[in-house]
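First the structure, in the form of structure tokens, and then the observations on it.
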Amino acid sequence: MSYFGSQLSPGVAGNQLWALIYISIIFAGVSVAVMAMNWLERKALAHFQVRLGPMRVGPHGLLQPIADALKLLLKEDIIPAEADQFVFWIAPLIGLLASFTVYTVVPFGPSQAVSDMNIGILFMLGVSSLGVLGIVMAGWASNSHYPLIGALRSSAQMVSYEVAMGLAVVSAILMTSLNESGTGTLSMIEIVRAQQQQGIWFIFKFFPLGLIAFVIFAIAMVAETNRAPFDLAEAESELTAGFHTEYSGLRWSLFMLAEYAAMIAVSSIAVTLWLGGWMRPFPNALSAPAWEFLFSLFPALTFGGLAGIGFLGAARMPSHSFFKIQRAGLAVFAALLGLLALLLLVIAIAGRNADNSIAARFREGIDYVYWFVLKVAVFMYLFIWYRATWPRYRFDQLMKIGWKVMLPISLGVLIVTAIVGVIVK
Amino acid sequence: MSVPTKPEPANALTNEVSNLDLATSEKPYLDSNELVINMGPQHPATHGVLRVILKLDGEKVLGTECVIGYLHRGVEKIAENRTYTMFNPYVDRMDYVAAVSNGLGYCEAVEKLLNVEAPPRAKYIRVILTELNRIASHQLWLGTHALDIGAMTPLFYTFRDREEILKIFEKYCGARLTTHAFRIGGCQYETYAGFEKEVENYLAFLPPKIDEYEALLTGNRIWLERTKNVGVISAADAIALGVTGPVLRASGVKWDLRKAQPYAAYSDFDFEIPTGKNGDTFDRYMVRMVEMRQSLRIIEQAVGRIPEGPIMAKVPKVIKPAVGEIYHSIEAPKGELGYFIVSDGSTQPYRVRVRPPSFVNLQALDIMVRGMLVADVVAVIGTLDIVLGEVDR
Amino acid sequence: MTPGMAPVATPFFFYLLSGLAVLGGVLVITRRNAVHSALALIVTLLAVSGLYLMLYAPFVAGVQIIVYAGGIMVLFLFVIMLVNIERTAKERQFNRIWPAGVLAAVALLGLFVSVYVKGKRLFPDSNLPLPETSNTQQIGVMLYGNYMFSFEIASLLLLVAILGAVIMAKKRI
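Protein chains in written order, with this note's numbering: chain A, 619 to 1043; chain B, 574 to 966; chain C, 2 to 174.
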């Protein structure tokens, strides 16, 4: 395959077949990630709350998301009587489309992206702002007062925090222009390359400016995806229920899918802009081949660790006849993880030299994807942690923070970053 | 668009709404946004079957009216057809969260009517169990209040710690919630073997847990923004409405019946009465947290030196008090719980009137939520710590 | 920087996008339901954004999506939904002066046809689009360099509009 050796993403190289392959891999990966996120949320929340979470459906509830998906598929599809059929039908689709289209530019590696648009970050921000339309339409199509008010509130909140998000993104983009040629870039892959060239993750650049911009984005992205502590529009204990009240079964699961996919997408933006994207820690400081090899063992070690935890869990299950099948299932799952770890180890060892052999390229690709996904996973865990720990803001307090606190701070960070950038040059 | 006159809603709601004062004094400039919204009786956040009718102007609350009675079981009428001893289990069901206090109030009221006094050992046991119950009631309040405001985790922590208290109750009298722990004249059950040990274990077990609750909530900026200056009631208003309990104390009035009119063995113990300054939700939260710690202090002083002796005074087998009436009140976890018993000389009381603290405190809801936003109504209902079983009886 | 970005199936995409834009526009004016019109307008705006992409102006395309489809249309929908909660009644057509409308439409059509026919003279070839990689930079240079003054005036105008809206919408205290 002529594409295989190139260092470009398939969209840039013009290779439609590989672009399609990447798209399907990403789509499958994100769907699996959403299901895993669903499981993790229930388990992590439960453990925060001194309970166990799902334990019965599959060992330690691992098959619970499948059971949930089945249940939602088999539910009766209720459409409110006077609802606008077309808009009711299309609203979750728009949300889903907006959430999934952004993955075209998410850079899992220097050539591991579907395409490298030179307006990558602009595209991501723009398409995720189309998700707001899905929510507004969902609330309106339900033909009921409470979902409408909830939808308008949700969308007002999302639009307000998009402003702060955008300004924080602009300060990060500004940092990409601090190179010799003086031109910055909006392309996602180039942003990570800029961090590589400048030798520092943008979160640490011009300390504390990068950090403040990152924190602003981290807070705004939680508000953007309607997660706690900004989830007033979805809370049951308030008077107005959320925009997806009237949706049942498959349609509701589409909203949930869109929400989790949006969470992963904005986390990818944060990782790309501030946390160095696919780069491993200390690529310039610890660049000896020994260090390279050590860091390339991390994927295998991670999966090996997960397999070990799985085996431990299987060993610790009570020896009752009910748990026989669960123990067997968990052992099989852990064995699969162990096999994967073994495979990754083989690839890491086979490709340890930095030549252009197939094994080396595989290893590099896997390493890039691994570090990127690891950083995004940290953000996912943080989302769940926020939800478990904090109460929720009242709506007016939320809007006050978005406009009166985040916007001035991000403007200030932008101006100071620009000034410092000019001074440094 | 003509300036609209006040709309006349033609539904049954207006017939029930009596003091909501739908006529506003000022003429609205544009189309007025006034809305009458019904909250409950089935609602995740009204702590029982409470119906609150809110009159809103956009998001601001202009007035409320509570419709109660969904849990009315005719307890006071039942009392007229039961003997004094038979009525004892009924009082637990009023404030089912703090059942021990209800029983204490009733037994002491009848004892006053009979002119008997429970022996010292019984008084100490009563104090220990009542203070444990106060902690359990406050823990349940904390969990549900935090959940209403959006913090879902403290609920599980407080319920987990409450389990230990309920285990002690179960070992003592066989029931966890509606305990029927006391009898007229003292206690029926002797403390079980290991009672003091378990209570002392709990005294060591709880303070780090209270620190855990405070670590999650007290310093949290979101919690502070949701509770400071929300639901403010001044001391004068509180006294005028007859509000008692932590709500009164949070407005700055240092009034606690355990110190003002000591009953049971409270005069033997040394403890403090926490008060607040602003009378907002945050002060009520802090007052209850400090009260939990003070209850631990009381229990600590009591459990070490329970006097020996009988646990039951000399009470006739058939309780027939002399003709007369008595009002006796105690400091329940929610406020002043009073019993007014009128005896006509027979074995059944002529009238038992219960002064439930939640019923009187609920009247403060109207004052507290005026000018607040809709999302605060839920927080204020939670901070009043009402139990509908008590409000409706 | 990016070789191999040869355009693919240009006529197909052009006709698709323009057809979508025209279809969206027609739906905007023919739907009775205001929300349906707004949704059709969103389709038109997205199609126009695609056309910008085909003209090698990616920045303008991205900004079109963010500002128009993601911001202004959300605003439109807010207003429609807040003001129009009851079903839109069937309104009687009130334009009795339809001949004037037809005349105006024919005139506009004539203008478009003349521009198309004489287009080559009005837009000579030397104004071919610049390479797309520098679209963002070029816009930035123009906006903050040559047209700085107009840019600031435009933002001032927007500020005045916002202030006016806030003051008009505030309730009398």
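We treat Cβ as the ideally placed atom computed from N, Cα and C, and that holds for glycine.
| query | Helix, strand or coil for B/Gly685 per DSSP? | reply | One point to set straight first is that residue 685 of chain B is Lys, not Gly, in the sequence displayed. DSSP places B/Lys685 in helix when its eight states are reduced to three.
| message | Let's test the definition: count the other Cβ atoms within 10 Å of the Cβ of C/Leu164 and tell me whether it reaches 16, buried, or not, exposed. | response | exposed
| What is the rounded straight-line gap between the Cα of B/Arg646 and the Cα of B/Phe932? | 15 Å
| query | DSSP three-state call for B/His711: helix, strand or coil? | reply | helix
| said: Against chain A, which members of the segment 712-735 of chain B pass a CB distance test of less than 8 Å? | reply: Ala719, Leu720, Asp721, Ile722, Gly723, Ala724, Met725, Thr726, Leu728, Phe729, Tyr730, Arg733
| What residue from B/Pro693, B/Thr658, B/Tyr657 has the CA that sits closest to B/Met885's CA? | B/Pro693
| message | Buried or exposed for A/Pro936, going by 16 or more other Cβ atoms inside 10 Å? | response | exposed
| request: With 7 Å as the C-beta to C-beta threshold (strictly closer), list the residues of the segment 641-675 of chain A near chain B in chain order. | output: Phe666, Gln667, Val668, Arg669
| Name the chain C residues whose beta carbon is nearer than 7 Å to that of A/Thr801? | Gln138
| field | Alpha carbon of C/Val49 to alpha carbon of A/Leu635, nearest angstrom | value | 27 Å
| query | What are the boundary residues of the alpha helix (DSSP H) that A/Met776 is part of? | reply | 763-794
| query | Rounded to whole angstroms, how far is the Cβ of A/Ile732 from the Cβ of A/Ala637, which I believe are closer than 8 Å? | reply | Inspection of the sequence shows that residue 732 of chain A is occupied by Val rather than by Ile. A/Val732 to A/Ala637, Cβ: 6 Å. Contact.
| request: Indicate whether at least one CB of chain A lies closer than 7 Å to the CB of B/Ile954. | output: no
| Quick one: which chain B residues come within Cβ less than 8 Å of A/Arg1012? | Glu798, Arg799, Leu946, Ala948, Asp949
| Cβ pair A/Gly969, C/Ile67 closer than 7 Å | no
| request: State the Cα-Cα distance for the pair B/Glu771 and A/Phe997, rounded to the nearest angstrom. | output: 44 Å
| Three-pair Cβ contact test at 8 Å for the segment 885-899 of chain A versus the segment 807-825 of chain A | yes
| query | Roughly how many whole angstroms lie between the Cα atoms of A/Glu910 and A/Ala790? | reply | 28 Å
| field | Nearest residue (CA-CA) to A/Ile684, options A/Met655, A/Gln667, A/Pro710, A/Arg669 | value | A/Met655
| Beta-carbon spacing of A/Tyr986, A/Gln730 below 7 Å | yes
| request: Please compile the residues from chain B whose C-beta is within a distance smaller than 7 Å of the C-beta of A/Gln1015. | output: Glu798
| Contact set between B/Leu539 and chain A, taken where Cβ atoms lie within less than 8 Å | Missing from the structure shown is residue 539 of chain B; chain B here goes from 574 to 966 and no further.
| said: According to DSSP, simplified to helix, strand and coil, what is B/Ser916? | reply: strand
| query | Is DSSP giving A/Ala903 helix, strand or coil here? | reply | coil
| query | Between the beta-carbon of A/Pro847 and the beta-carbon of B/Trp796, is there less than 7 Å? | reply | no
| request: Indicate whether at least one CB of chain A lies closer than 7 Å to the CB of B/Ile959. | output: no
| query | Taking only beta-carbon atoms, is C/Pro59 less than 7 Å away from chain A? | reply | yes
| message | Quick check on the DSSP output: the alpha helix (DSSP H) that includes B/Val803 runs from which residue to which? | response | Element bounds for B/Val803: n/a, residue is neither H nor E.
| So, using beta-carbon positions, are B/Asn675 and B/Val664 closer together than 7 Å? | yes
| query | Ordered along the chain, which non-local residues of its own chain (more than five positions away) have a Cβ less than 6 Å from that of B/Asp958? | reply | Trp714, Lys907
| message | To be precise: take each residue of the segment 764-793 of chain B, compare its Cβ to all Cβ atoms of chain A, and keep it if any distance is under 9 Å. Which residues remain? | response | Leu789, Leu790, Asn793
| Taking the Cβ atom as the reference point for each residue, do A/Ala582 and A/Arg981 lie within a distance shorter than 7 Å? | It is not possible to answer for residue 582 of chain A, since the shown part of chain A is limited to 619 through 1043.
| request: Check each residue of the segment 731-748 of chain A: if its Cβ is closer than 8 Å to any Cβ of chain C, include it; give the result in chain order. | output: Asp734, Met735, Asn736, Ile737, Leu740, Phe741, Leu743, Gly744, Val745, Ser747, Leu748
| query | Residues of chain A with CB under 9 Å from B/Ile795, in chain order? | reply | Pro847, Trp1008, Pro1009, Arg1010, Tyr1011, Gln1015
| query | Could you give the distance in angstroms between the alpha-carbon of A/Ala883 and the alpha-carbon of A/Val889? | reply | 10 Å
| With C-beta atoms as the reference, is A/Gly867 less than 7 Å away from A/Lys1043? | no
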